[in-house]
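Undergrad:
The structure is reproduced here in structure tokens:
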């Protein structure tokens, strides 16, 4: 998935992190050798939301954000992916995992 029109470097990094987490989930939890249609749709959906984020570079992590831009179904799916892939990111992509934790610590109150 390429950079969207509204993608800043930070949002693109967040999109790439999410894509890595979805791929990890799809491969290990669902047992797919390549990305399935459902996981591809989730990546595309989330990327579209990120490219239109009104906070831009100041965007908090989605969990801490006060704006709810995901549909209920997609929010549920992203949470499922995050619960599975989040802890495993420390093993597979430790720098991305640390960066994500630091971003959450920097913005304890969410979007301002």
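In our numbering, the protein residues as written are 35 to 146.
By construction, the Cβ of each residue, glycine as well, lies at the ideal position given by its N, Cα and C atoms.
(1) Can you name the start and end residues of the alpha helix (DSSP H) that residue 114 belongs to?
(2) Between residue 127 and the rest of its own chain, which residues show a CB-CB distance below 7 Å, the 5 nearest in sequence each way excluded?
(3) Between residue 123 and residue 69, what straight-line distance do the alpha-carbon atoms span, to the nearest angstrom?
(4) DSSP three-state label for residue 95, please.
(5) Does the beta-carbon distance from residue 42 to residue 114 come in below 7 Å?
(6) Assign residue 49 to buried or exposed, taking buried as 16 or more other Cβ atoms, counted over all protein chains shown, within 10 Å of its Cβ.
(7) I'd like to know whether the C-beta atoms of residue 138 and residue 95 end up nearer to each other than 7 Å.
(8) Could you spell out the range, first to last residue, of the alpha helix (DSSP H) harbouring residue 55?
(9) Counting only the same chain and skipping the five closest in sequence on each side, list residues whose C-beta sits under 8 Å from that of residue 108.
(10) Rounded to the nearest angstrom, what separates residue 84 and residue 134 at their Cα positions?
(11) Alpha carbon to alpha carbon, what distance is there between residue 131 and residue 125?
TA: This is what the structure gives:
(1) To locate residue 114, count along the chain shown from 1; it is residue 80. Taken as a continuous stretch (DSSP letters only), the alpha helix (DSSP H) holding residue 114 covers 106 to 126.
(2) Along the chain shown, read from residue 1 onward, the residue named residue 127 stands at position 93. Only 54 meet the Cβ criterion.
(3) The count along the chain shown starts at 1 and reaches residue 123 at position 89. The count along the chain shown starts at 1 and reaches residue 69 at position 35. In a straight line, the C-alpha of residue 123 is about 18 Å away from that of residue 69.
(4) Translated into the one-based positions of the chain shown, residue 95 becomes position 61. Note: residue 95 maps to coil in three-state DSSP.
(5) The residue labelled residue 42 in the question sits at position 8 within the chain shown. The residue labelled residue 114 in the question sits at position 80 within the chain shown. No, the pair does not count as a contact, with Cβ atoms beyond the cut-off.
(6) Here residue 49 corresponds to residue number 15 of the chain shown, with the count starting at 1. The residue in question, residue 49, is buried, as its Cβ has 16 or more Cβ neighbours within 10 Å.
(7) Within the chain shown, numbered from 1, the residue matching residue 138 stands at position 104. Within the chain shown, numbered from 1, the residue matching residue 95 stands at position 61. Yes, these two residues count as a Cβ contact at 7 Å.
(8) Looking up residue 55 in the chain shown gives position 21. Unbroken alpha helix (DSSP H) run through residue 55: 43 to 58.
(9) Within the chain shown, numbered from 1, the residue matching residue 108 stands at position 74. Only 76, 79 and 80 meet the Cβ criterion.
(10) One-based indexing of the chain shown puts residue 84 at position 50. One-based indexing of the chain shown puts residue 134 at position 100. The straight-line gap from Cα to Cα measures roughly 15 Å.
(11) Along the chain shown, read from residue 1 onward, the residue named residue 125 stands at position 91. Along the chain shown, read from residue 1 onward, the residue named residue 131 stands at position 97. The alpha-carbon atoms of residue 125 and residue 131 are separated by roughly 9 Å.
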